[in-house]
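Residue numbers (our numbering): 1 to 272. What follows is a single structure, written as structure tokens, with notes after it.
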């Protein structure tokens, strides 16, 4: 379910009659719903739950939202199926109006205020599950933001929310018009840009990943585009002694992010 206005359903008892309005989106799945309510409760506008469903954790969520003045409506499961368009809603859907993405200006503000940013840059990652998994890894690694182009790339959606398991509320997501130009701006701001490429001569374990850093990964199948490669300060490969030729982008993002974490906190950092 993409954000934006949906045609109102006239079916009797259909919760789809009041789904996402302009600037809002639907978040479904119990974990994603709990995380949205926990990290940005002010952004939750309404909730639909399967009538007759009784779950202790879900009831606590509904009680919390109800006390905040959020509209809670119990509906038939088929109404939730319609709203989720076949997604696994697990009996609950939220209408969420939090800011879904930030822009170039806000990225510039981050660079101006954060002395040693750690960014994950995704070049046309189109699978929302991959985007969600990348955001989850970036949030876990303490990154300061995830950057992606507006065109031909996944945007925030219920599938991203569900896979990210709360990371959408924890880490900024920036959408930019021209990724190559953004990489130039990162370079001008003193951010070292490192692209992942299987044919690179250097390993990710042979390069300094401390300091202001942007890790750049390509989309499914295509990898890094030519202009993206040219804007990177360095290219690295992830050593793979096994028989596979490549990794899923979200797995590769996790490897690179946590190698950067290892280098930045050689003593393990504060794990408390």
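Yeah, the Cβ is synthetic: ideal placement off N, Cα and C, and Gly gets one too.
Just grab the DSSP bridge partners of residue i for me.
| i | result |
| --- | --- |
| residue 122 | 217 |
| residue 101 | Looking at the DSSP assignment, residue 101 forms no beta bridge with any residue, so it has no partner. |
| residue 203 | 237 |
| residue 175 | 148 |
| residue 73 | 48 |
| residue 94 | 27, 47 |
| residue 194 | 215, 234 |
| residue 223 | 219 |
Here's the rule I'm using: 16 or more other beta-carbon atoms within 10 Å means buried, otherwise exposed. How should residue i be labelled?
| i | result |
| --- | --- |
| residue 137 | buried |
| residue 201 | exposed |
| residue 94 | buried |
| residue 181 | exposed |
| residue 135 | buried |
| residue 258 | exposed |
| residue 105 | exposed |
| residue 22 | The predicted model places residue 22 with a pLDDT of 49, which falls under 50 and marks its position as unreliable; any figure quoted below should be read in that light. When all chains shown are included, residue 22 counts as exposed. |
| residue 265 | exposed |
| residue 151 | exposed |
| residue 260 | buried |
| residue 13 | Residue placement at residue 13 is poorly supported in this model, since its pLDDT is 33, which falls under 50; the coordinates still yield a value, given next. Exposed. |
| residue 240 | exposed |
| residue 242 | exposed |
| residue 88 | exposed |
| residue 253 | buried |
| residue 281 | Outside the modelled stretch of the chain, which goes from 1 to 272, sits residue 281, for which no answer is possible. |
| residue 86 | exposed |
| residue 42 | exposed |
| residue 62 | buried |
| residue 90 | buried |
Would you mind stating whether residue i and residue j have Cβ atoms separated by less than 7 Å?
| i | j | result |
| --- | --- | --- |
| residue 103 | residue 119 | no |
| residue 142 | residue 164 | no |
| residue 78 | residue 49 | no |
| residue 27 | residue 36 | yes |
| residue 249 | residue 217 | yes |
| residue 236 | residue 204 | yes |
| residue 159 | residue 117 | no |
| residue 96 | residue 175 | no |
| residue 256 | residue 215 | yes |
| residue 123 | residue 225 | yes |
| residue 101 | residue 156 | yes |
Which whole-angstrom value is the C-beta distance of residue i and residue j, which I expect to be below 8 Å?
| i | j | result |
| --- | --- | --- |
| residue 220 | residue 125 | 7 Å |
| residue 47 | residue 92 | 7 Å |
| residue 179 | residue 232 | Not quite, the Cβ-Cβ distance comes to about 11 Å (not below 8 Å), so this is no contact. |
| residue 234 | residue 207 | 6 Å |
| residue 147 | residue 107 | 7 Å |
| residue 192 | residue 211 | 6 Å |
Are there any heavy atoms of the ligand NAD lying less than 6 Å away from the beta-carbon of residue i, as far as the coordinates show?
| i | result |
| --- | --- |
| residue 73 | In the structure on display, the ligand NAD does not appear, and there are no ligands present to speak of. |
Could you say if the stretch 44-59 and the stretch 105-114 meet the contact criterion of at least three C-beta pairs nearer than 8 Å? no
Is there contact between the stretch 159-175 and the stretch 21-35, where contact requires at least three CB pairs shorter than 8 Å? yes
Any 3 or more C-beta pairs closer than 8 Å across the stretch 66-73 and the stretch 191-199: no
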